[in-house]
Amino acid sequence: GESVGLHLPTLSVQEGDNSIINCAYSNSASDYFIWYKQESGKGPQFIIDIRSNMDKRQGQRVTVLLNKTVKHLSLQIAATQPGDSAVYFCAEKDRGSTLGRLYFGRGTQLTVWP
Amino acid sequence: DGGITQSPKYLFRKEGQNVTLSCEQNLNHDAMYWYRQDPGQGLRLIYYSQIVNDFQKGDIAEGYSVSREKKESFPLTVTSAQKNPTAFYLCASSKGGLAVRMTGELFFGEGSRLTVL
Numbered sequence: 001g002e003s004v005g006l007h008l009p010t011l012s013v014q015e016g017d018n019s020i021i022n023c024a025y026s027n028s029a030s031d032y033f034i035w036y037k038q039e040s041g042k043g044p045q046f047i048i049d050i051r052s053n054m055d056k057r058q059g060q061r062v063t064v065l066l067n068k069t070v071k072h073l074s075l076q077i078a079a080t081q082p083g084d085s086a087v088y089f090c091a092e093k094d095r096g097s098t099l100g101r102l103y104f105g106r107g108t109q110l111t112v113w114p
Numbered sequence: 001d002g003g004i005t006q007s008p009k010y011l012f013r014k015e016g017q018n019v020t021l022s023c024e025q026n027l028n029h030d031a032m033y034w035y036r037q038d039p040g041q042g043l044r045l046i047y048y049s050q051i052v053n054d055f056q057k058g059d060i061a062e063g064y065s066v067s068r069e070k071k072e073s074f075p076l077t078v079t080s081a082q083k084n085p086t087a088f089y090l091c092a093s094s095k096g097g098l099a100v101r102m103t104g105e106l107f108f109g110e111g112s113r114l115t116v117l
């Protein structure tokens, strides 16, 4: 079934299920958010981004939802595959800062079981 | 192919030695960044440069130094003053950096793992 975790460092799902990875932020002035995927021993890879004037953005098999009221960001992965196993980071930028001041969360380790 | 190249991938250092990590990009990006990653933690910004011949301290700059003499290159020196240098170091770049409203992804290299013996 679908596993939902809030502030959990790990998430395990079965292949084919949907995954939801959550991220909370505290800065109400954040205007831009990014999700990254990092496989073991490699650099992070861009997944999807969203600006604060949007609530939802969809990519290929991924959807990012932004709830500014409760300062919550989520990444949904449809039909999770073994290749999706990685650490997923959210990052935020303050509207008064440049892109150089992205702040990254601790990350969530996603494990996909066959 | 365009991208960011970090070297070396693995590096061992004795205490008291300075080491320099290389970062080269051929993406024609203006901005470059250095992050440090420790186990179970998010990325922390060491230094960043938004334009050639200019750079800014990040959140954990103490014990590190950088230079940006060329657009393509942003080397990081881990000095002997860095008290806990063992970590995974990531270099990144982005198209723009000076504009506050600029958004866009950071492109990361494959990282350099530094171990102090």
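Line by line, the protein sequences give chains A and B.
If you count by this note's numbering, then the first sequence holds residues 1 to 114, one letter each, in order.
If you count by this note's numbering, then the second sequence holds residues 1 to 117, one letter each, in order.
Cβ atoms here follow ideal geometry from the backbone N, Cα and C, with glycine treated the same way.
Residue i vs residue j beta-carbon contact at 8 Å
| i | j | result |
| --- | --- | --- |
| B/L136 | B/S112 | Lying outside 1 to 117, the shown extent of chain B, residue 136 of chain B is not represented and no answer is given. |
| B/R68 | B/S49 | yes |
| A/L75 | A/V62 | yes |
First and last residue of the uninterrupted beta strand (DSSP E) at residue i
| i | result |
| --- | --- |
| B/M32 | A31 to Q37 |
| B/E24 | V19 to Q25 |
Buried versus exposed call for residue i [16 or more other C-beta atoms within 10 Å across all chains shown]
| i | result |
| --- | --- |
| B/L117 | exposed |
| A/T98 | buried |
| B/Q25 | buried |
| B/W34 | buried |
| B/R136 | One cannot answer for residue 136 of chain B here, as it falls past the ends of chain B, which runs 1 to 117. |
| A/A79 | exposed |
| B/V19 | buried |
| A/G1 | Low confidence applies to A/G1: its pLDDT is 29, below 50, so where it sits in the model is not reliable enough to give any reading. |
| A/T108 | buried |
| A/S12 | exposed |
| B/G40 | exposed |
Candidates the options: closest to residue i by CA position
| i | options | result |
| --- | --- | --- |
| A/N53 | A/Q45, A/Q60 and A/L65 | A/L65 |
| A/N67 | A/T80, A/Q45, A/S30 and A/R106 | A/S30 |
| B/L106 | B/K9, B/Q17, B/L27 and B/R13 | B/L27 |
| A/K93 | A/Y25, A/W113 and A/Q58 | A/Y25 |
| A/K71 | A/P9, A/Y32, A/P114 and A/W113 | A/Y32 |
| B/Y47 | B/G3, B/D38 and B/M32 | B/M32 |
| B/G63 | B/L90, B/K83 and B/D38 | B/K83 |
Subject >> Ranges of the alpha helix (DSSP H) found wholly within the segment 68-112 of chain B, counting only runs of at least 4 >> reply: none
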